[in-house]
Amino acid sequence: MSRNTVRFSIDGLADLEKSLDNLSKAVGRNVLRRSLRAAAQPMADKARSLAPVDEGDLRDSIIVGSKLNGSERKKHRKLTAEERSSIELFVGPSYLKGAGGRHGHLVEFGTAPHINKGRFAGSEHPGTAPQPFMRPAFDTEAQPTIERLKPILALEIEKAAKRTAARAARAARKAAGG
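Quick note: the sequence shown, position 15, residue 17 per our numbering, numbers continuous.
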């Protein structure tokens, strides 16, 4: 796990877990994914509001998502069998939404003075000061995200259970010839 990764475990959700067990595995995973995404969205919104804006590409690239790009996948640790059945979402700049997210880490942590490569090869770059936007967003929104999760999850489970019951009733009527 990288030094900038934080994992949460939420205790006291036994009733919701029992309700999730009554749903199919696929439906349960979708319920968890929707709930986590909704609970984490304010953290992404906070990061967007704190991101420095030049042209807005970095700000616009901040998402709540489940996909990592190739280099991030290589760095991401291997999951155990139990963890593979869990839901993981990421909040931050995304390479998937264009070039904006490609330099998010350089903005967050800053850069040291260096000699440029590539298009500007040989020129000196003075470095940049850190302009944190993700860490402050995390610090202010981590606990509220956890507090938002339980009621959102309860509502999503209830809606999924109703949809499942309605589907079962339709299938029963159809099987009965009606």
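The beta carbon of each residue, even a glycine, is placed where N, CA and C say it ideally should be. No experiment lies behind these values; they were computed from the predicted model shown.
Supposed contact pair residue j and residue i - C-beta distance, whole angstroms, cut 8 Å
i      : j      : result
Ala42  : Leu91  : 6 Å
Gly102 : Ser68  : Gly102 to Ser68, Cβ: 19 Å. No contact.
Gly112 : Gly129 : 7 Å
Leu38  : Leu108 : Leu38 to Leu108, Cβ: 28 Å. No contact.
Spatial distance of residue i from residue j (CA atoms)
i      : j      : result
Val33  : Arg172 : 22 Å
Lys176 : Arg165 : 16 Å
Asp56  : Ala114 : 20 Å
Gly179 : Arg169 : 15 Å
Ala174 : Asn24  : 19 Å
Ile148 : Ile154 : 10 Å
Ala156 : Arg35  : 13 Å
Lys20  : Thr142 : 31 Å
Met3   : Phe135 : Its pLDDT being 44, under 50, Met3 is placed unreliably by the model, and the measurement read from it follows with that caveat. Each residue's alpha carbon lies about 21 Å from the other.
Ile117 : Gly124 : 6 Å
Glu160 : Phe140 : 29 Å
According to DSSP, residues forming a beta bridge with residue i
i      : result
Gly94  : Ile65
Ile117 : Glu126
Of the residues the options, the one placed nearest residue i, counting alpha carbons only
i      : options                          : result
Met45  : Lys27, Ser88 and Val66           : Val66
Ala144 : Ser125, Ala49 and Ala53          : Ala49
Asp59  : Lys20, Arg36 and Gly106          : Gly106
Ser96  : Pro132, Arg61, Phe122 and Ala139 : Arg61
Pro138 : Gly120, Glu158, Ile159 and Asp47 : Asp47
Pro146 : Ile89, His116, Ala40 and Gln133  : Ala40
Short CB-CB distance (under 9 Å) between residue i and chain C
i     : result
Ala46 : No chain C appears in the structure shown, which is made up of a single protein chain.
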